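3 is the number of the first residue of the sequence shown in the working numbering; add one for each residue after it. Using N, Cα and C, we set each Cβ at its ideal position, and we do this for glycine too. Every value quoted in this text rests on a predicted model; they were computed, and no experiment measured them.
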Amino acid sequence: MDVERTLPATYGPVPFLKSHTEARPTMLPARLVVRIADLHARLRYRRLVKTFRDTLGYTPSIACPRSYNEKFLWRKIFDRNPLFATFCDKLACKDYVAARAPDIAILPALWTGTCVDDIPDEVLQGDVVIKQNNASSSNIFIRNGAYDRTELRKTVAKWRKGTYGRHKGEWGYSQVPTALFVEPILPSSEASPIIDLNFACSDGKVQFVVVYLGNENKKGRLALHDADGRPTGIEIALKPGEEDRLLTDFEIPAAAFPIAKAAAERLSEGIDHVRCDLMIADDRVYFGELTPYAASGLARHTDQRLAESTNASWDLRNSWFLSAPQTGWRGLYAAALRRWLDERAADGGG
Numbered sequence: 003m004d005v006e007r008t009l010p011a012t013y014g015p016v017p018f019l020k021s022h023t024e025a026r027p028t029m030l031p032a033r034l035v036v037r038i039a040d041l042h043a044r045l046r047y048r049r050l051v052k053t054f055r056d057t058l059g060y061t062p063s064i065a066c067p068r069s070y071n072e073k074f075l076w077r078k079i080f081d082r083n084p085l086f087a088t089f090c091d092k093l094a095c096k097d098y099v100a101a102r103a104p105d106i107a108i109l110p111a112l113w114t115g116t117c118v119d120d121i122p123d124e125v126l127q128g129d130v131v132i133k134q135n136n137a138s139s140s141n142i143f144i145r146n147g148a149y150d151r152t153e154l155r156k157t158v159a160k161w162r163k164g165t166y167g168r169h170k171g172e173w174g175y176s177q178v179p180t181a182l183f184v185e186p187i188l189p190s191s192e193a194s195p196i197i198d199l200n201f202a203c204s205d206g207k208v209q210f211v212v213v214y215l216g217n218e219n220k221k222g223r224l225a226l227h228d229a230d231g232r233p234t235g236i237e238i239a240l241k242p243g244e245e246d247r248l249l250t251d252f253e254i255p256a257a258a259f260p261i262a263k264a265a266a267e268r269l270s271e272g273i274d275h276v277r278c279d280l281m282i283a284d285d286r287v288y289f290g291e292l293t294p295y296a297a298s299g300l301a302r303h304t305d306q307r308l309a310e311s312t313n314a315s316w317d318l319r320n321s322w323f324l325s326a327p328q329t330g331w332r333g334l335y336a337a338a339l340r341r342w343l344d345e346r347a348a349d350g351g352g
């Protein structure tokens with residue numbers, strides 16, 4: 003079978019089949035294995051490939067990913083790190099963080115269960131939020147104990163119409179049994195807002211920090227800071243008309259930032275790439291979440307230097323897929339991919 007001819011011409015060649023210094027295969031079987039892995043990914047995950055192409059404007063290299071966004075797509079298709087399921091479970095993640103970063107605060111679960119009708123009325127007094135454990139943005143904020151139980155049922159029913167992340171290829175969420183829980187809302191005000199810090203980390207090293215300031219749904223103001231918490235001056239891609247959301251010359255509290263950064267570094271150790279979300283409230287650092295599929299891998303970098311440095315720091319050789327034993331064709335592909343990554347690293351590629 004001529005595997006090369008089975009791919010649509012629009013997809014272009016896989017790097018392993020190119021004859022240039024960036025990808026020099028040493029054995030024909032390795033080329034064939036990579037080509038088959040790429041073909042498998044394109045045929046089985048056509049929707050993910052189309053979404054990638056429609057969003058980012060180019061056809062991805064899947065089996066031999068080069069760019070930051072391609073690495074996220076590769077992760078969705080090939081990497082089944084069991085820790086991703088832990089990260090996608092907001093309840094299990096609390097225990098994970100408590101064991102690794104005991105010096106930061108973790109909001110307690112005031113109640114856990116599966117049915118919204120089982121939440122005691124006394125738990126919903128004051129300022130609290132109802133969350134689903136295996137989803138993103140599935141939150142019901144209750145202020146001053148004001149809520150309508152019927153509306154709560156309707157909202158939770160909408161959450162459960164499908165498995166979160168399935169259509170995006172975010173495997174980790176599908177591995178988590180669905181539950182509900184209630185947390186207290188951190189107090190904030192215009193004078194003392196909560197500072198959300200999203201640390202992009204690669205195996206214990208912070209690459210950059212996105213700072214959110216404004217409200218609990220992350221629709222407030224934001225800025226991009228470097229690994230040491232300094233403003234970069236790099237503008238973040240926003241929707242037209244949202245330019246006023248950009249923060250300028252914002253300084254992260256000096257006392258809290260080192261604590262937050264150290265926690266992000268510890269939490270990301272041993273993970274090839276993960277986003278660690280922490281919060282600062284009244285100079286105290288709180289845990290937010292760990293995200294293996296940041297922006298579903300479709301975020302645009304507006305600064306080429308940032309894109310290149312972040313991409314270079316993410317070494318797929320540290321991924322679970324290339325660290326744990328793989329069987330069958332996956333084992334053959336893992337060996338071939340590692341060989342290509344080794345050659346690419348030797349040639350100075352990221």
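Item: Just tell me which of Asp285, Ile238, Arg277, Arg33 has its CA closest to the CA of Pro260.; Value: Asp285
Item: Spatial neighbours of Met29 within its chain, please: CB distance less than 8 Å, with the 5 preceding and 5 following residues excluded, ordered by chain position.; Value: Confidence at Met29 is low in this model, with a pLDDT of 49, below 50, so its placement is unreliable and no value can be given for it.
Item: Should Cys95 go down as buried or exposed, given a rule of 16 or more other Cβ atoms within 10 Å for buried?; Value: buried
Item: Could you check which residue in Tyr166, Val184, Glu310 has the C-alpha nearest to that of Gly128?; Value: Val184
Item: Which residues share a DSSP beta bridge with Phe54?; Value: None; Phe54 has no bridge partner.
Item: Going by C-alpha distance, which of Pro294, Ile254, Asp274 is nearest Ala283?; Value: Ile254
Item: List the residues that DSSP assigns as beta-bridge partners of Thr114.; Value: Phe183
Item: Note down, in chain order, each residue of its chain lying with its Cβ closer than 8 Å to the Cβ of Ala336, except the 5 sequence neighbours on either side.; Value: Phe323, Leu324, Gln328
Item: Express the C-alpha separation of Pro186 and Leu112 in angstroms, rounding to a whole number.; Value: 7 Å
Item: Among residues of its own chain, excluding the 5 on either side of Thr57, which ones have a beta-carbon nearer than 8 Å to its beta-carbon?; Value: Leu300
Item: Extract the residue ranges of the beta strand (DSSP E) inside the region 192-273, only unbroken runs of 3 or more that lie entirely within it.; Value: 197-204, 207-215, 223-228
Item: Taking Cβ positions, are Val118 and Leu50 nearer each other than 9 Å?; Value: no
Item: Taking the runs of the alpha helix (DSSP H) that are 4 residues or longer, which of them lie wholly in the region 52-97?; Value: 70-80, 84-89
Item: I'd like to check one pair, Ser69 with Asn320: are the Cβ atoms closer than 9 Å?; Value: no
Item: Spell out the partners DSSP gives Val287 in its beta bridges.; Value: Ile282
Item: On a Cα-Cα basis, can you pick out the residue from Leu292, Ala296, Lys163 that is closest to Gly171?; Value: Ala296
Item: Along the beta strand (DSSP E) that carries Asn141, what are the first and last residues, could you check?; Value: 141-144
Item: Using beta-carbon positions only, say whether Leu188 and Leu280 come within less than 9 Å of one another.; Value: no
Item: Classify Trp161 as buried or exposed, calling it buried when 16 or more other Cβ atoms lie within 10 Å of its own Cβ.; Value: buried
Item: Are the CB atoms of Pro67 and Trp76 within a distance shorter than 9 Å?; Value: yes
Item: Might you give, ordered along the chain, the residues of its own chain that have their beta carbon closer than 6 Å to the beta carbon of Tyr175, omitting 5 neighbours on each side?; Value: Cys90, Asn136, Tyr166, Gly167
Item: Exposed or buried, what is Thr116 when buried is set at 16 or more other beta-carbons lying within 10 Å of its beta-carbon?; Value: exposed
Item: Where Arg102 and Glu291 are concerned, what is the direct C-alpha to C-alpha distance, given to the nearest angstrom?; Value: 14 Å
Item: What does DSSP give as the partner residue(s) for Ala348 in the beta ladder?; Value: Ala348 pairs with nothing; no bridge assigned.
Item: What distance in whole Å lies between the Cβ atoms of Arg223 and Leu249, which are believed to be in contact at a cut-off of 8 Å?; Value: 5 Å
Item: What number of angstroms, rounded off, separates the C-alpha of Ala309 from the C-alpha of Ile132?; Value: 36 Å
Item: Return helix, strand or coil for Ile108, following the three-state DSSP convention.; Value: coil
Item: What would DSSP say about Val35, mapped onto helix, strand or coil?; Value: helix
Item: So, do the region 267-275 and the region 40-47 have three or more beta carbon pairs nearer to each other than 8 Å?; Value: no
Item: Just reading off the alpha helix (DSSP H) that Lys133 is part of, what are its end residues?; Value: Counting along the chain, Lys133 falls outside any alpha helix (DSSP H), though it belongs to the beta strand (DSSP E) covering 130-134.
Item: Cα separation between Trp342 and Ile64?; Value: 13 Å
Item: By Cβ distance, which residues of its chain are closer than 7 Å to Ala225, with the 5 residues on each side in sequence left out?; Value: Val213, Pro233, Leu248, Leu249, Phe252
Item: Compute the Euclidean distance between the alpha carbons of Leu339 and Val36, then round it to the nearest angstrom.; Value: 7 Å
Item: Can you name the start and end residues of the alpha helix (DSSP H) that Asn320 belongs to?; Value: Neither: Asn320 is in no alpha helix (DSSP H) and is coded neither H nor E.
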